[in-house]
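Residue numbers (our numbering), protein chains in the order written: chain A, 1 to 227; chain B, 1 to 227. Everything below concerns the one structure shown next.
Number of protein chains: 2
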Amino acid sequence: MNKRIATVQVVENIHAINDAQAEKLRARLDAAGVHGINLMSAPGSGKTTLIEATLRGLAGELAVAVIDGDIATTIDADRAAAAGAVAAVQINTGGNCHLEANMLAPALDRLDLAAIDLLIVENVGNLICPANFAIGTHHNVVIASAPEGWDKPYKYPGIFTGADVVLVTKWDAADFFEFDLERFSTGVRALNRDVMILPLSAKTGEGMDAWLGWLTKNDKEQVTKAI
Amino acid sequence: MNKRIATVQVVENIHAINDAQAEKLRARLDAAGVHGINLMSAPGSGKTTLIEATLRGLAGELAVAVIDGDIATTIDADRAAAAGAVAAVQINTGGNCHLEANMLAPALDRLDLAAIDLLIVENVGNLICPANFAIGTHHNVVIASAPEGWDKPYKYPGIFTGADVVLVTKWDAADFFEFDLERFSTGVRALNRDVMILPLSAKTGEGMDAWLGWLTKNDKEQVTKAI
């Protein structure tokens, strides 16, 4: 038996353990009636700014908690708390490029799940590794920002394949960057035929109603094929 | 001995093997008089667009080859070839979130190193994992684009710590996104005191002369502390 095969076995073992842990976390959320969202994107695509706008938009409607994953700092959790999250927990992964279910467990322990309707988990900024690790949430929301360009689904297929919703953020900058929504959407739909693709701008508010509507109704059909 | 410790040993072993391989690759480049650059950034920060502008700017001065690392597609190598690279090789990593030295070796075999002055390796779009794997090049160039925001060095310290040059791309969009260069630079310099930080725009050409000058002269002191 050579070393390559041994290494692959370790990875598969890690994934099996992670999936089992994720199932347990989802059962905890279900028991408490909490809707869990796993928000994934490249660094700097606007996840935290979107969370801030989402918190303001849902104020008085849903009690939202935020768990932020980052290599370092508590910048994101601080911003979420300031924007109105009922609770914000920062997970610093050290050098780890994604969240795993076992990192979420102690963060959930810090939350009063009975007092929460919606849990937004902001994953580490990375379009690759987070796609491979379930963390116990119900829906995967993948963000690509307009400045990143239309080619992201072609170059990072894994994360778009597993998405339940795809948001194109910084939509107010789409013209500036000549973002080609048709080529982007063709790429996404080749991987994931019926996924919702929703351009929006947290800055101007465009598209925010559809996004908040999806979160509030928790009914994917409401806004499927928004474009 | 528990499993966690065993796993760490495997990782250290991988890094030692990678570093040894990287040293061999650097010796090959040195023997051929090739200057090797490892270009790292988040997805969509403008690496490929910068490479295109660099190739046009260095036409007639330096013979440039490009090695592109991506999860999938040959979009980037195709663009480099069209923009004037004397050779372009695409490495598809499958799902791997970074290049490793052993992936570069077969790509170097495809190049006529004697005919090349400058080798630009475009790493996989990721601000985390590429920082941990030497690939045999001489300099690490880290890109953060203005739309990504000023907080990147605080949230992704590892990659900025190891940078020889930091480029802030899409500088023509800095005002649109209210990019705070002072907070960004403070964060970078806390990790890496004397690194060159250079704002530029491949679109308008601003800052390109300093970047091309650094590449042409291969003398880091020339443009240190460009801001």
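All C-beta atoms in this analysis are idealised placements derived from N, C-alpha and C, irrespective of residue type, glycine included.
Burial state of residue i, where buried means 16 or more other Cβ atoms lie within 10 Å
i, result
"Thr186/B", "exposed"
"Arg79/A", "buried"
"Lys155/B", "buried"
"Ala85/A", "buried"
"Thr204/A", "exposed"
"Pro153/A", "buried"
"Pro157/A", "buried"
"Ala16/A", "exposed"
"Lys225/A", "Interpretation of Lys225/A is limited by its pLDDT of 34, a score under 50 that renders its predicted location unreliable; no figure is taken from the coordinates."
"Gly228/B", "With chain B running from 1 to 227 in the structure shown, residue 228/B is simply not present."
"Ala22/B", "buried"
"Asp209/A", "exposed"
"Lys217/B", "exposed"
"Gly95/B", "exposed"
"Pro199/B", "buried"
Within chain B, the residues that residue i reaches when beta carbons sit closer than 7 Å
i, result
"Glu148/A", "Pro43, Gly44"
Under 8 Å by beta carbon: chain B residues contacting residue i
i, result
"Gly36/A", "Residues of chain B passing the Cβ test: none, with the nearest at roughly 23 Å."
Neighbouring residues, chain A, relative to residue i (Cβ below 7 Å)
i, result
"Asp70/B", "Lys155"
Beta-carbon neighbours of residue i, restricted to chain A and to distances below 8 Å
i, result
"Ser145/B", "Gly44, Pro147"
Min CB distance residue i to chain B below 8 Å
i, result
"Lys47/A", "no"
"Thr73/A", "yes"
"Lys152/A", "yes"
"Lys24/A", "no"
"Gly57/A", "no"
C-beta neighbour in chain A for residue i, strict 8 Å
i, result
"Phe176/B", "yes"
"Gly207/B", "no"
"Asn126/B", "yes"
"Ala173/B", "yes"
"Gly162/B", "no"
"Lys217/B", "no"
"Gly158/B", "yes"
"Leu212/B", "no"
Close-in-space but distant-in-sequence residues of the same chain around residue i (CB under 6 Å, 5 per side omitted)
i, result
"Asn18/A", "Glu100, Ala101, Phe133"
"Ala174/B", "Ala146"
"Ala87/B", "Ala65, Leu111"
"Phe177/B", "Ala146, Pro147"
"Ala77/B", "Asp68, Ala88, Gln90"
"Pro130/B", "Met40, His98, Asn123"
"Ala202/A", "Thr49, Leu50, Ala53"
"Gly36/A", "Leu29, Leu119, Thr137, His138"
"Asp172/B", "Ser201, Lys203, Thr204"
"Leu113/A", "Ala32, Val34"
"Met264/B", "Residue 264/B falls outside the range modelled here, since chain B spans only 1 to 227, and no answer is possible."
"Asp180/B", "Trp150"
Proximal residues of chain A, C-beta to C-beta of residue i below 9 Å
i, result
"Gly94/B", "Residues of chain A passing the Cβ test: none, with the nearest at roughly 10 Å."
Cβ pair residue i, residue j closer than 8 Å
i, j, result
"Asp117/B", "Asn140/B", "no"
"Ile135/B", "Leu215/B", "no"
"Ala32/B", "Leu55/B", "no"
"Arg183/A", "Trp150/A", "yes"
"Ala59/A", "Ala115/A", "no"
"Val166/A", "Val195/A", "yes"
"Ile128/A", "Asn126/B", "yes"
"Ala72/B", "Ala42/A", "no"
Same chain, Cβ closer than 7 Å to residue i, five either side skipped, listed in chain order
i, result
"Leu191/B", "Pro153, Pro157, Phe160, Thr161"
"Ala81/A", "Ala88"
"Lys170/A", "Gly46, Ser145, Ala146, Pro147, Ser201"
"Leu108/A", "Leu25, Arg28"
"Gly57/A", "Met208, Leu212"
"Arg189/B", "none"
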